Every structure is written in structure tokens, then in C-alpha cells.
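Remarks on the structure that follows.
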Amino acid sequence: MRRPYIAGNWKMNLTPSEGAEYAKKLGEAVKNAGVDCRVMIAPSFVSLPAVSEAVKGTGITVAAQNMANHLSGAYTGEVSPEMLKDIGINDVILGHSERRQYYGETDEIINSKVLLAISLKMEVVLCVGETLEEREEGKLEEILERQLRVGLKDVLPEEMPRITIAYEPVWAIGTGRTATPEDADAAHKFIRETVASIYSEDIANNLIIQYGGSVKPGNIRALMEKENIDGALVGGASLKLEDFLPIITYSK
Ligand code: 13P
């Protein structure tokens with residue numbers, strides 16, 4: 013049985029004080045609603061301490077949106093996973109398409125981050141997804157397969173329970189253009205089959221695969237009804253209680 017996993021990626025939004033204020037309300041609302049899915053929020057690095065404090069005791073996981081692929085050293089402007097662990101952060105989003113597109117992160121760089129996070133017993137949400145051009149050229153499966161095979165290279169079978177995959181088609185991010193539940197489910201099915209071929213049916217069946225790309229209160233239910241969609245990685249709609257709470261409580 014795969015437990016639904018709803019996550020909010022705040023991207024570069026909300027200051028630490030705005031984030032903490034919102035997180036406090038969200039934590040209380042989630043606690044009162046008695047939700048049964050796993051809930052995660054990923055604020056910016058500087059907001060992590062304040063947001064963690066604000067959601068204490070609510071069961072909400074606080075994650076980083078990225079991390080360095082080194083433990084320490086001369087890497088100006090980077091944040092190491094050891095620093096995250098030191099402030100109680102054990103979860104990290106890696107390989108987001110904005111990291112790939114704007115900051116030149118390759119599958120190999122992302123793989124080195126995944127391996128480092130896993131070696132520190134962290135939990136990872138590994139993002140994959142094709143651009144519009146790649147989809148139109150019929151390269152969807154080729155792209156997903158490469159992102160998965162390289163991104164997960166040298167991750168051991170017993171480490172896979174600490175990996176969540178987020179399928180985020182780049183053309184659906186922040187565009188208001190959601191993949192249809194059928195298209196998303198087909199991509200998720202392909203991801204599950206690829207993971208089965210790398211590891212095993214059992215590992216693939218237990219793998220949580222989130223969908224991301226213009227998830228809103230109005231489309232979450234139809235997405236979550238699909239067999240291979242186990243959760244959501246929400247951007248814009250995770251920034252306000254009135255949008256994010258109905259997504260988290262979609263099954264109520
Ligand atoms: P939007 O929900 O704003 O489309 O963003 C999706 C996303 O990139 C989450 O990581």
C-alpha cells in the first residue's frame with residue numbers, strides 16, 4: 013500500500029517570517045483536518061529553521077529544495093547536506109527542472125547529490141520530466157529513462173524506500189497547463205516499469221511517484237484517482253492556505 017504524499021515546493025517565494033507565519037497556520041489546519049497522507053513543505057534554505065519551528069508537532073516534513081554535492085569545502089554560495097542535517101532537515105528535493113534548466117544541473121551532478129544524500133540517510137524527492145520540445149519529438153520515454161537510470165545510478169535496492177520520484181513535465185510547470193490525468197498516469201506507469209527493470213517489481217510497486225505541474229484544488233482528485241499517481245509536488249498552489257489545504261485534504 014503506497015501512502016499518498018503531498019508536497020509543496022515554495023521555490024523562491026516567502027521570506028522567513030512570511031513562511032513561518034503561513035507554516036504555523038498550515039500546521040494547525042493539517043492537524044485539525046486529521047489528514048492521512050504524508051505532507052511536506054520545502055521553503056528556501058534561509059527559511060528552514062523558522063518554518064521547522066513553526067510546524068513542530070504537526071507531522072509536516074520540512075525539506076530543502078536543493079543541496080550541494082559536497083560535504084564541505086570551497087564551494088561559495090552552496091549549502092551542504094551536513095548543514096541541513098545539523099538543523100534537523102532530513103529531506104531534500106533534487107533535480108528539479110528549474111535546477112536543470114537555469115543552473116546547468118546534469119543527470120550526473122544530480123546523481124552525485126542523490127548518492128550523497130542517501131549516504132547521510134536522508135530522504136530524496138528526485139524530479140524527472142520532459143520539455144515540450146522533447147515530448148513533441150516523441151522522446152518522453154527516452155528522457156525519463158535516462159533521467160532515472162543516471163539519477164539513480166549506484167543507489168542500492170535497500171536504499172530505494174528513501175527515494176520518491178516526482179514526475180514534472182516542464183511544459184506543465186507554472187503554466188496552468190496540467191497534464192491530463194491519463195497522460196500523467198502513462199508517464200508514471202513508464203517510470204514504475206523502468207524502476208522495476210532497474211531494481212525489481214517489488215521496489216517499483218512500493219515506489220511513491222508524485223505528479224507536479226499546475227496541480228490545483230480543482231484537479232488534484234482526478235490525478236490522485238489514477239493508479240500510478242501517489243501524490244503531488246505542488247508549486248504555486250502550495251503558497252496559500254486556501255489553495256494548499258484543499259489539495260492536502262483532497263480525499264475528504
Ligand atoms: P507549479 O505547481 O507552480 O506548476 O510548479 C510545479 C513544480 O515545479 C513543483 O516543484
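Heads up, the sequence shown is in this note's numbering, so the first residue is 13 and it goes up one at a time.
Think of the CB as a built atom: it goes at the ideal place given N, C-alpha and C, for glycine as much as any other residue.
Note that the structure is a prediction, hence the values are computed from the model and not measured.
- Within the segment 175-222, the complete alpha helix (DSSP H) segments of 4 residues or longer fall at 193-210 and 213-218, listed in chain order.
- Relative to Val246, the option among Ile260, Ala234, Glu157 and Glu154 whose CA is nearest is Ile260.
- Any heavy atom of ligand 1 within less than 6 Å of a residue's beta carbon puts that residue on the list, which reads Asn21, His108, Glu180, Ile185, Gly186, Gly224, Gly225, Ser226, Val227, Leu245, Val246, Gly247, Gly248 and Ala249.
- Secondary structure of Ala45 (DSSP, three-state): helix.
- Within the same chain, and ignoring the five residues on either side of Glu135 in sequence, the residues whose Cβ sits closer than 7 Å to its Cβ are Asn102, Asp103 and Arg174.
- Under the 8 Å Cβ criterion, the segment 57-69 counts as touching the segment 24-41, having at least three qualifying pairs.
- Within the same chain, Trp183 come within 6 Å of Leu144 by CB-CB distance, once the 5 residues on both sides are set aside.
- When C-alpha distances from Gln222 are compared across Tyr179, Pro229, Ala86 and Arg204, the shortest belongs to Tyr179.
- The residue from Asp197, Arg161 and Gly243 with its alpha-carbon nearest to that of Ala208 is Arg161.
- Membership of Asp103 in the beta strand (DSSP E) is indicated by the continuous run Asp103 to Leu106.
- Measuring C-alpha to C-alpha distances from Thr27 to each of Pro55, Ile210, Lys36 and Leu38 identifies Pro55 as the nearest.
- For Ala249, there is no enclosing alpha helix (DSSP H), as DSSP marks it with neither H nor E.
- A residue is called buried when at least 16 other Cβ atoms come within 10 angstroms of its Cβ; Pro169 does not meet this threshold and is exposed.
- Distance from the CA of Cys49 to the CA of Val137, rounded to the nearest whole angstrom, comes to 16 Å.
- About 19 Å separates the beta carbon of Gly85 from that of Val126, a gap too long to meet the 8 Å contact definition.
- Only buried fits Gly243, as 16 or more other CB atoms lie within 10 angstroms of its CB.
- Going by beta carbons, Phe256 and Gly100 fall outside the 7 Å limit.
- Per DSSP, reduced to three states, the secondary structure at Arg50 is strand.
- Straight through space, the alpha carbons of Glu90 and Pro16 are spaced by roughly 32 Å.
- For Ile72, the CB contacts under 8 Å within the same chain, skipping 5 residues up- and downstream, are Ala35, Leu38, Gly39, Val42, Val51, Met52 and Ile53 in chain order.
- Exposed is the label assigned to Glu149, since fewer than 16 other Cβ atoms lie within 10 Å of its Cβ.
- DSSP places Asn231 in no alpha helix (DSSP H); its state is neither H nor E.
- One thing to note: Asn81 has its Cβ no nearer than 7 Å to the Cβ of Ser131.
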